[in-house]
Amino acid sequence: MKQVKISACQFRVEKVDSFEEFEKQVLELIDQVPSDTDYVVFPELFTVGLLASFPDADKLTAAELTKIDDYTVQYKELFRRLAQSRQQIIIAGSHLEKREDKYFNIAYIFDQDGSYVEHKKTHIFPAEANWQTSEGDTLEVFSIGLAKIGLAVCYEAEIPEVSRILSANGAEIIFCPSYTFTEAGFWRVRHSAQARAIENQVYFVHCPTVGEPGAPLPNGFGRSSILSPCDLAWTPNGIVAEAETNKHTVVTGTVDIDELYENRKTGAATTFVDRTRREDLYSKYEPYKSISLEKTRS
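The sequence shown begins at 9 in the working numbering and counts up by one.
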């Protein structure tokens, strides 16, 4: 058996006066992570509380969230140091960062030696357009640690092609840092995450930002979970582990990578293989050319 332990750090965002105060929040949470955890994941844009640290914070709007890019160097140094000192792989949520003349929602994976790789969110949620956020154009699978892993940041979980490409290229675990502002938004991502686990026969880790920090920062609603395909090898509902709703907390679970490959061969539903079985059927249709706003309104 190839067992992997995962901890999702469900971060309650608050307004902070300094990076040191934000760091204290991070340390309080990561101290709850077991020392033998292989992968630690934080949520999407959990650095937004740093917007309150600017002198004119009471006059800022959500459209000015990009100011938190000022803390990019400190953010990356904090998680580089934590990954080294704890000897754990940390998916450090995501952070708004400026590259040349554009801002991206970037998720980082920090390895135990302090090195890191990044993923620019490829599909931004409509509200993110208000934050001047551009979209990345790369979907990559990383062989870091005990598993092959990919990233699908929040809204990317709702786009089936993202997880399909990652799993087709070898991803065994897909990590989903997320920030949903309503209960409905949470369930959209959560249901999508479970669907992606089933159709791709992968593990899917959903880790949302939570809290009610107050304007101009958005509220966060969520419940972290580690999900599996719904089949006999796991619990019937596909939930490996699950946190309490909206708590500043950590949830930990263990998954078996070998079980995925066995399930792809002998499971009741072999969706990973069967999705390519009828390419003769799929090739007859060109769905994207037929979709338009006018047609969907009729």
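Cβ coordinates follow ideal geometry from the N, Cα and C atoms, glycine included.
Tell me the DSSP secondary structure of residue i in three-state form.
| i | result |
| --- | --- |
| residue 268 | helix |
| residue 72 | helix |
| residue 199 | helix |
| residue 21 | coil |
| residue 238 | coil |
| residue 262 | strand |
| residue 13 | strand |
| residue 101 | strand |
| residue 250 | strand |
| residue 47 | strand |
Would you tell me roughly how many angstroms separate the C-alpha atoms of residue i and residue j, rounded to the nearest one?
| i | j | result |
| --- | --- | --- |
| residue 153 | residue 64 | 43 Å |
| residue 78 | residue 18 | 24 Å |
| residue 290 | residue 284 | 9 Å |
| residue 111 | residue 134 | 15 Å |
| residue 71 | residue 180 | 36 Å |
| residue 57 | residue 21 | 6 Å |
| residue 209 | residue 168 | 13 Å |
| residue 261 | residue 200 | 20 Å |
| residue 276 | residue 269 | 13 Å |
| residue 245 | residue 37 | 27 Å |
| residue 139 | residue 41 | 32 Å |
| residue 206 | residue 274 | 14 Å |
| residue 194 | residue 255 | 14 Å |
| residue 124 | residue 224 | 31 Å |
| residue 178 | residue 59 | 38 Å |
| residue 267 | residue 282 | 18 Å |
| residue 170 | residue 252 | 28 Å |
| residue 34 | residue 44 | 18 Å |
| residue 75 | residue 99 | 22 Å |
Assuming residue i contacts residue j (C-beta within less than 8 Å), just tell me the rounded distance between them.
| i | j | result |
| --- | --- | --- |
| residue 286 | residue 280 | Between residue 280 and residue 286 the Cβ distance is about 14 Å, and since that is not below 8 Å, they are no contact. |
| residue 116 | residue 84 | 7 Å |
| residue 159 | residue 127 | 4 Å |
| residue 228 | residue 293 | Residue 228 to residue 293, Cβ: 38 Å. No contact. |
| residue 10 | residue 182 | Not quite, the Cβ-Cβ distance comes to about 17 Å (not below 8 Å), so this is no contact. |
| residue 113 | residue 146 | 13 Å between Cβ atoms; not a contact. |
How would you label residue i, buried or exposed, when you count the other beta carbons within 10 angstroms and need 16 or more for buried?
| i | result |
| --- | --- |
| residue 230 | buried |
| residue 151 | exposed |
| residue 204 | buried |
| residue 198 | buried |
| residue 163 | buried |
| residue 202 | buried |
| residue 263 | buried |
| residue 28 | exposed |
| residue 166 | buried |
| residue 235 | buried |
| residue 81 | exposed |
| residue 69 | exposed |
| residue 104 | buried |
| residue 108 | exposed |
| residue 239 | buried |
Check this for me: beta carbons of residue i and residue j, under 8 Å apart or not?
| i | j | result |
| --- | --- | --- |
| residue 258 | residue 15 | yes |
| residue 308 | residue 88 | Since the first residue of the chain shown is 9 and the last is 306, residue 308 is not available in this structure. |
| residue 102 | residue 174 | no |
| residue 91 | residue 120 | yes |
| residue 23 | residue 222 | yes |
| residue 216 | residue 50 | no |
| residue 129 | residue 148 | no |
| residue 233 | residue 250 | yes |
| residue 31 | residue 73 | no |
Taking 8 Å as the CB-CB cut-off, is residue i touching chain B?
| i | result |
| --- | --- |
| residue 181 | This model lacks chain B altogether, as it is built from one protein chain only. |
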